[in-house]
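Here the structure is laid out as structure tokens; the discussion comes afterwards.
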Amino acid sequence: MKVIICIPTYNEKDNIASTIDGLEESFKKIPPRHQLQILVIDDHSPDGTAAIVSEKKAQYGNVVLLPNKEKKGLGAAYIKAFKYAMEKLSADVVFEYDADGSHQPQYIPGMIKVLDEGADVVIGSRYVQGGSMPADWGLHRKFLSYFGNFIARFVLFTPQYKDMTTGYRGTKTKWLKQLDLDNLFSKQFAYKIQLYYELHRLGAKIVEYPITFIDRSQGKSKFPRNNIIDSLKVVFKLRLRDSQKLIKVMVVGGIGTLVQLLFFNLLRLKISLSLSQNLAIEMAVISNFILNNIWTFKEDKFNLKEIKKLLVGFIKFNILSLGSIIIQNLVLLLGIKLLGRSFLAENGLVLTGILLGLIWNYLMYTRVVWKK
276 MKVIICIPTY
286 NEKDNIASTI
296 DGLEESFKKI
306 PPRHQLQILV
316 IDDHSPDGTA
326 AIVSEKKAQY
336 GNVVLLPNKE
346 KKGLGAAYIK
356 AFKYAMEKLS
366 ADVVFEYDAD
376 GSHQPQYIPG
386 MIKVLDEGAD
396 VVIGSRYVQG
406 GSMPADWGLH
416 RKFLSYFGNF
426 IARFVLFTPQ
436 YKDMTTGYRG
446 TKTKWLKQLD
456 LDNLFSKQFA
466 YKIQLYYELH
476 RLGAKIVEYP
486 ITFIDRSQGK
496 SKFPRNNIID
506 SLKVVFKLRL
516 RDSQKLIKVM
526 VVGGIGTLVQ
536 LLFFNLLRLK
546 ISLSLSQNLA
556 IEMAVISNFI
566 LNNIWTFKED
576 KFNLKEIKKL
586 LVGFIKFNIL
596 SLGSIIIQNL
606 VLLLGIKLLG
616 RSFLAENGLV
626 LTGILLGLIW
636 NYLMYTRVVW
646 KK
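Okay, so the sequence shown: first residue is 276 according to our numbering, each after it adds one.
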């Protein structure tokens, strides 16, 4: 396995030599079947960082210097390094690694072992058991870090992960090649949140590895003042992007609700309550299928020219809608036993059943009927 450690630098002359030396020492503990290289992408540092990297290149032989004349941000630098590592160095794994000493090299062997054991992505996590934050951090910095992670996990529906803002990560390149790296929402620190989330969406096996994060001891922090705002923008843009289908399903469900209520109230006093409920549901099902097929899932819609597929899709849709029907009937019948019959009670119970049924429907639509 060819592993490339990507290190973006800008004015890191005080740290880059020790950073490379520390990594080279850690490489000695990694099985020889792995090829290891260090790729430093330097943003045209005026302090002589590149010259030091060139000295280390001569010393070790496995160090590559990639000049970067366009300073566009941390995320942009990493993406350029990833592409170079994949296209020019034939990398199987790329690591994101800070030059300032905050990422400690002794974790590299263990993280590579995790990848050897089947993980697709290994995350240096501060918030799993065994990981920790800098002891000298003030409460405000700890709060901002915890708060940022909480917001990302909550908004992106990823509570299974503990540290979504870490910058210490190893990723198998077969997963990176599936991503549109040129069009991430941020070119700054917030790129790491989107990259984490996109890898999760692809189904990559992500393992969090405990690390102790430490503050830089030399040089000036590159942490941008607008990082929090940028991160929030990325998180909510991701949520909005991935909620478009849900929003459309809800709109279609709202129209189906009106159809269902209309037929339910037309029939409730003429035939049995159960029959009027089920007939009204079927009318809503037909309405929902048509609207979802031509609007919500239009990129995967069933074509009228392929009648067989259309009928199969409609049958699947109806069968899976039985789950919603069962949910709605249980809510209605059990609710009436508790509340009795009245216009408000019956319609309130119908609306409650519709809401619960909507959750079921969305999951079935996206995972079965219009599954990519």
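For each residue, glycine too, the CB sits at the ideal point set by N, CA and C.
All values reported here derive from a predicted model rather than from experimental measurement.
Residue burial classification, residue i (beta-carbon count within 10 angstroms, cutoff 16)
i: His378; result: buried
i: Gly588; result: buried
i: Gly393; result: exposed
i: Glu362; result: exposed
i: Glu581; result: exposed
i: Gly323; result: exposed
i: Asn458; result: exposed
i: Asp517; result: exposed
i: Arg444; result: buried
i: Gln453; result: exposed
i: Lys331; result: buried
i: Lys646; result: exposed
i: Ser365; result: exposed
i: Leu414; result: exposed
i: Gly405; result: exposed
i: Gln552; result: buried
i: Leu474; result: buried
i: Pro380; result: buried
i: Gln469; result: buried
i: Phe432; result: exposed
i: Leu609; result: exposed
As assigned by DSSP and simplified to three states, the class of residue i
i: Ser551; result: helix
i: Thr440; result: coil
i: Val339; result: strand
i: Lys363; result: coil
i: Lys520; result: helix
i: Thr433; result: coil
i: Pro485; result: strand
i: Pro384; result: helix
i: Ile594; result: helix
i: Val403; result: coil
i: Ile398; result: strand
i: Phe370; result: strand
i: Ile305; result: coil
i: Leu459; result: coil
i: Gly323; result: coil
i: Gln453; result: coil
i: Leu544; result: coil
i: Asp375; result: coil
i: Gly445; result: strand
i: Leu311; result: strand
i: Lys277; result: strand
i: Asp391; result: helix
i: Asp317; result: strand
From the options, residue whose alpha carbon lies closest to that of residue i
i: Lys346; options: Leu521, Ala620, Ser518 and Pro321; result: Pro321
i: Ser400; options: Ser420, Asp438 and Lys331; result: Asp438
i: Val368; options: Gly376, Asp375, Ala352 and Met386; result: Met386
i: Phe464; options: Lys646, Gly423, Val430 and Leu477; result: Gly423
i: Tyr640; options: Phe618, Ser596, Leu614 and Leu624; result: Ser596
i: Ala374; options: Leu619, His475, Asp289 and Phe539; result: Asp289
i: Tyr285; options: Lys304, Phe302 and Val328; result: Val328
i: Leu626; options: Val643, Leu607, Asn636 and Trp635; result: Leu607
i: Lys467; options: Phe538, Asp505, Leu298 and Leu566; result: Asp505
i: Leu340; options: Ile426, Gly598, Pro384 and Ile282; result: Ile282
i: Thr487; options: Val403, Lys480 and Val430; result: Val403
i: Asn636; options: Ala333, Ile522 and Gly623; result: Ile522
i: Val396; options: Lys449, Gly297 and Ala352; result: Lys449
i: Phe357; options: Arg308, Ser293, Gly376 and Thr446; result: Thr446
i: Leu550; options: Leu507, Glu299, Asn604 and Val510; result: Asn604
i: Leu274; options: Lys508, Trp412 and Asn502; result: Here the chain covers residues 276 to 647 and nothing more, so residue 274 does not appear.
i: Lys462; options: Asn540, Ala352 and Arg616; result: Ala352
i: Gln334; options: Lys344, Asp318 and Ile313; result: Ile313
i: Ala292; options: Phe302, Pro306, Lys344 and Gly376; result: Gly376
i: Lys280; options: Gln310, Pro306 and Arg416; result: At residue 280 the sequence reads Ile, which differs from the Lys that was named. Of Gln310, Pro306 and Arg416, the residue nearest in Cα terms is Gln310.
Integer Cβ distance of residue i from residue j, believed to fall under 8 Å
i: Ile602; j: Gly628; result: 6 Å
i: Pro342; j: Ala325; result: 7 Å
i: Leu456; j: Ile354; result: 5 Å
i: Tyr471; j: Leu513; result: Contact doesn't hold; Cβ gap of about 10 Å is too wide.
i: Tyr484; j: Val389; result: 6 Å
i: Val643; j: Lys591; result: 6 Å
i: Arg428; j: Tyr421; result: Arg428 to Tyr421, Cβ: 11 Å. No contact.
i: Pro409; j: Lys304; result: That pair is no contact at about 25 Å.
i: Val524; j: Asn567; result: 7 Å
Q. On the three-pair Cβ rule with 8 Å, is the region 518-534 touching the region 555-570?
A. Short answer: they touch.
Q: Mind the definition here: the region 538-546 touches the region 566-582 only if three or more C-beta pairs lie below 8 Å; say whether that holds.
A: The region 538-546 makes no contact with the region 566-582: fewer than 3 CB pairs, one atom from each, lie closer than 8 Å.
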